[in-house]
Amino acid sequence: MLFEDLDVGEEFKVLLEDIGMSELYPPQQLAVEAGILDGGNLILCTPTASGKTLAAELAIMKVLEKGGKAVYVVPLRALAYEKYGEFKKYEKLGYRVRLEVGDLDSSKYGKHGDFDILVSTAEKCDSILRSRPTWFNGTKILVLDEIHLIASDRGPVYEVLTAKYTRIYPDVQVLGLSATIGNAQELANWLRAELVTSEWRPVKLKEDVVVKTDDGLTETVKNALAGGQALVFVNSRKSAEAVAEKLSKELGLKVENWDLAEEILSALTPPTKQCRRLSACVLGGTAFHHAGLVNSQRTAVENAFKKGDVKLIVATPTLAAGVNLPSRTVVLRDVKRYSGGGLTYIDVLEYKQMVGRAGRPKYDKIGYSVTLAKNEDELDFIHEHYILGQPEDITSRLGVQPVLRFHILALVSSGYAKTQEALSDFIASTFYGHQYGVGGELRRQLKEIVDELVDWGFIEENERFLQATQVGGRVSELYIDPLTAHNFLTLFELAQRKNIFSEIGLLEVLCDAAEMPTLNATPREESVLWSEAYEMDGQLLRELDGFGLDYMFLNRFKTAKMFMEWITERTEDEILEDFGTAPGQLNSMMQNLQWLCYAAAEL
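Using the numbering used here, the letters of the sequence shown map in sequence onto residues 103 to 705.
As structure tokens, then:
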């Protein structure tokens, strides 16, 4: 089907022609035939790079044409920035395109949103829904990108905001964009949506697996680069850097990336060891990509790869779930990942997401993936389990106490549920409720959580009716875990009684928040950390003797020490070296600390 045959306005057709689009991909045509332009709910479940975003844009065009608004929800900030950049083209037609990814304090918003197309992270969208639901008035379509991530740690926010949205705006069109999953029909049934599935890709994919030899990775990459660029996936940040550095030296690529190297080097002042390492890599035509990079470096690497200035990126799997960065060849060095119990095999879904990056539409006829096995037995396993295997079913992660507690306070505070029965009814409308129902065990758990929130002073219960207290409402608006707020209030009250307001003591309390990922104290560090903690005993709010400490104390204390080093203006390179972290991770943790300081001050 040609774009000129679509039932959308001429201005939109011209816009598509301007970006080189003339004909629908088969999955897009299936979506049109399934009613995506008619306002019906739809789940589009197709491989990477098969045109899901443009299918969503077709529905958005139809909504804009009728004077409605569109909300496009993504799981990651990097993806939000990418989609926002793509949708800016609609400003040529006079539409307001807005990006929301930052501050989670929803009390700062007015009653009505100033947008025609909103691109938002799931958390930001849910935050605004908590206290300013009218901000979305006029929304006619809700697009949930990467909806298969409902099975991840961030998934509960997706299903809760969807349940809220469809209650407030029952006529909104819900469009879910998903990678290939095992139970797509179950997801569609939950949303009362049509399901469109397809295995079609714009570029054919040839998957292979070979036994790894001593120089197998280098030879595999050399062969890949003979026909274009390559992505190499490894299982850790340290490996990404080491492999990129090794290949930069061994491949002998002839590139002139002096400006790029300088841009990366000067991203931080003074440059850190990681800055210097990445800068040296790009001079050899390679780069590493992981969450430890600062945003400007990550963007520079991605743009250089798209332009062809960087021939090879060695990345952790976060790249596969993030920005659109196709390559002619994808190499998987590792199909195992570190977890709490050691190395475990990744899911088939994650494998498919990574190899799905192989093949550049408009440039390649075939994309290639090569997975490295450690021996013949693993080669057979990879072939059977991953290449021939089907992605797993996805399951809800909502039904655990910390997650439920976070959302129950918000539901009561926002007026979505005013009784315990109403809470049960709301949970029944989520994907969790669709999969598991709302039985006696869950109802008991909900009651326990409500009782706990009452004990903490966040909720009042009068004759069955639930209402948030003033402080409970503020906790909900601040978008922090009620347990975090309770701990803050308890320990700060203790600080007042003891008259202890030391920086290290307050930082250790802030590091106790569920929202703050802490550094790990290694066994070799434990004795030194305990010694330092005892030296600061009078400055800490917790008793170091007895049974009042949990096993995470040393992690919190080490993290608090790192923040103290930053406050006292030690160089970033020294901090990174001493505490074994990366610039991007430090930057992210500092943003978390700033947010938690603000939340604590508000409480």
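Beta carbons: idealized from backbone N, C-alpha and C, even for Gly.
- Its chain contains no residue whose beta carbon lies nearer than 6 Å to that of residue 268 once the 5 sequence neighbours on both sides are disregarded.
- By the Cβ neighbour-count rule, residue 214 is exposed, with fewer than 16 other Cβ atoms within 10 Å of its own.
- Under the 10 Å beta carbon count, residue 669 is surrounded by fewer than 16 other beta carbons and is classified as exposed.
- In the displayed model, residue 417 falls within a strand according to three-state DSSP.
- Relative to the Cα of residue 613, the nearest Cα in the group 140, 589 and 216 belongs to 589.
- DSSP places residue 477 outside any alpha helix (DSSP H), giving it a letter other than H or E.
- With a minimum length of 3 residues, the unbroken runs of beta strand (DSSP E) contained wholly in the stretch 199–243 fall at 199–202 and 219–223.
- Using a Cβ-Cβ distance cut-off of 8 Å, the stretch 165–183 and the stretch 222–234 are in contact, since at least three pairs of beta carbons, one from each stretch, lie closer than that value.
- Judged by DSSP secondary structure, residue 145 falls within the beta strand (DSSP E) whose first and last residues are 144–147.
- The beta strand (DSSP E) runs of length 3 or more contained entirely in the stretch 406–466 are, from start to end of the chain, 414–417, 431–434, 438–441 and 444–447.
- Contact between residue 302 and residue 128 holds, since their C-beta atoms are separated by about 5 Å, short of 8 Å.
- As the crow flies, the alpha-carbon of residue 645 is around 8 Å from that of residue 639.
- Minimum Cα-Cα distance from residue 482 among the listed residues 313, 502, 516 and 461 corresponds to 313.
- Annotation: residue 216 to residue 346 spans about 44 Å, alpha carbon to alpha carbon.
- Proximity to residue 530 across 266, 461, 235 and 249 peaks at 266, based on C-alpha coordinates.
- Secondary structure at residue 110: coil, using DSSP grouped into helix, strand and coil.
- Straight-line measurement puts the Cα of residue 159 at about 41 Å from the Cα of residue 547.
- By the Cβ rule, the stretch 111–122 does not count as touching the stretch 407–427, because fewer than three pairs are nearer than 8 Å.
- Judged by DSSP in its simplified three-state form, residue 388 adopts strand.
- Where residue 331 is concerned, there is no enclosing beta strand (DSSP E), because DSSP gives it neither an H nor an E.
- Residue burial is scored here from C-beta neighbours: residue 468 has fewer than 16 other C-beta atoms within 10 angstroms and is therefore classed as exposed.
- With three or more CB-CB distances shorter than 8 Å, the stretch 145–160 counts as touching the stretch 291–310.
- Checking the DSSP bridge columns, you'll see residue 187 has no partner listed.
- Secondary structure of residue 254 (DSSP, three-state): coil.
- Between the C-alpha atoms of residue 228 and residue 628 there is a straight-line separation of about 40 Å.
- Nearest to residue 606 by C-alpha distance, out of 662, 578, 617 and 562, is 662.
- Here residue 245 is buried. Its C-beta has 16 or more other C-beta atoms within 10 Å.
- In the DSSP assignment, the residues bridged to residue 296 are 144.
- Rounded to the nearest angstrom, the Cβ distance from residue 261 to residue 471 is 32 Å, too far for a contact under 8 Å.
- Here residue 636 is exposed. Its C-beta has fewer than 16 other C-beta atoms within 10 Å.
- The residues 144 and 161, in chain order, have a CB closer than 6 Å to that of residue 138 in the same chain once the five nearest residues on each side in sequence are set aside.
- One alpha carbon belongs to residue 372, the other to residue 408, and they sit about 28 Å apart.
- Between the stretch 350–368 and the stretch 384–404, the count of Cβ pairs shorter than 8 Å is three or higher; the stretches touch.
- Only residues of its own chain outside the window of five on either side were considered, and among them 604, 606 and 607 have a CB closer than 6 Å to the CB of residue 641, listed in chain order.
- Leaving aside the five residues that flank residue 394 on each side, the residues in its chain whose CB is nearer than 8 Å to its CB run, in chain order, 339, 376, 683, 684, 685, 686 and 687.
- Between the stretch 573–580 and the stretch 503–521 there are three or more inter-stretch CB-CB distances shorter than 8 Å, so the stretches are counted as touching.
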